[in-house]
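Here the numbering used here runs 54 ahead of the position in the sequence shown, where the first position is 1.
Report on the structure given below.
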Amino acid sequence: MGRGTNTDQAGAIVAVLTTAPPSATPAVRRQALHQLIDYAADYDADTLRRLGIAIWAAVDPDAADVDAERRLRAQERRACARRSFTGADDGEASVLPCYPPTNQRSDRTDDYSE
Numbered sequence: 055m056g057r058g059t060n061t062d063q064a065g066a067i068v069a070v071l072t073t074a075p076p077s078a079t080p081a082v083r084r085q086a087l088h089q090l091i092d093y094a095a096d097y098d099a100d101t102l103r104r105l106g107i108a109i110w111a112a113v114d115p116d117a118a119d120v121d122a123e124r125r126l127r128a129q130e131r132r133a134c135a136r137r138s139f140t141g142a143d144d145g146e147a148s149v150l151p152c153y154p155p156t157n158q159r160s161d162r163t164d165d166y167s168e
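Structure, rendered in C-alpha cells:
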C-alpha cells in the first residue's frame with residue numbers, strides 16, 4: 055500500500071475492492087485502488103470504506119442502490135436486536151419495540167379525524 059498506510063486502511067481498501075460492482079472493468083478497479091491509496095494519506099479506514107462506496111456508486115448507480123438497500127436492512131436487523139424489555143423493582147417497565155420492516159410500500163394514509 056501507499057506510504058503511511060496502516061493495516062486498518064489496507065484492510066478497508068481490500069474490502070472496498072472486493073465489493074466492486076460487476077460492471078467495474080479491471081481498469082476501473084485499478085483506478086479505484088490508486089485513488090483509495092491516495093485517499094489513505096488523509097483519511098482513516100472507516101472513511102475509506104465510505105469513499106469506496108461512493109466510488110462504486112458513481113461506477114454503477116443501480117448496483118449501488120441494491121447495495122444500499124442491503125446495508126439498510128442489515129442495519130435495521132442490528133437495531134431490532136438491541137430492542138429490549140426492562141423491568142424495575144418498583145414495577146415500572148420499559149419496552150423498546152421493534153417492528154420488522156415490510157417489503158410492501160403503503161401509500162395509504164389513515165385519517166382519524168372526523
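Ideal Cβ positions, reconstructed from N, Cα and C, are used throughout, including at glycine.
Residue i classed as buried or exposed, judged by whether at least 16 other C-beta atoms fall within 10 angstroms
i	result
Val70	buried
Arg103	buried
Ala86	buried
Pro126	Note that residue 126 is Leu in the sequence shown here, rather than Pro. Exposed is the call here.
Ala78	buried
Ala133	exposed
Residue i - partner residues in DSSP beta bridges
i	result
Val113	In DSSP, Val113 forms no bridge with anything.
Chain C within 7 Å of residue i, Cβ atoms only
i	result
Arg103	Protein chain content of the structure displayed is limited to a single chain, and chain C is not contained in it.
Supposed contact pair residue j and residue i - C-beta distance, whole angstroms, cut 8 Å
i	j	result
Pro75	Ala117	4 Å
Length of the line joining the Cα atoms of residue i and residue j
i	j	result
Val149	Asp143	15 Å
Ala95	Gly106	15 Å
Asp62	Gly145	47 Å
message: Give the list of continuous alpha helix (DSSP H) stretches no shorter than 4 residues that lie fully inside the region 62-132.
response: Taking 4 residues as the shortest admissible run, the region 62-132 contains the following complete alpha helix (DSSP H) segments, listed from N- to C-terminal end: 80-93, 99-113.
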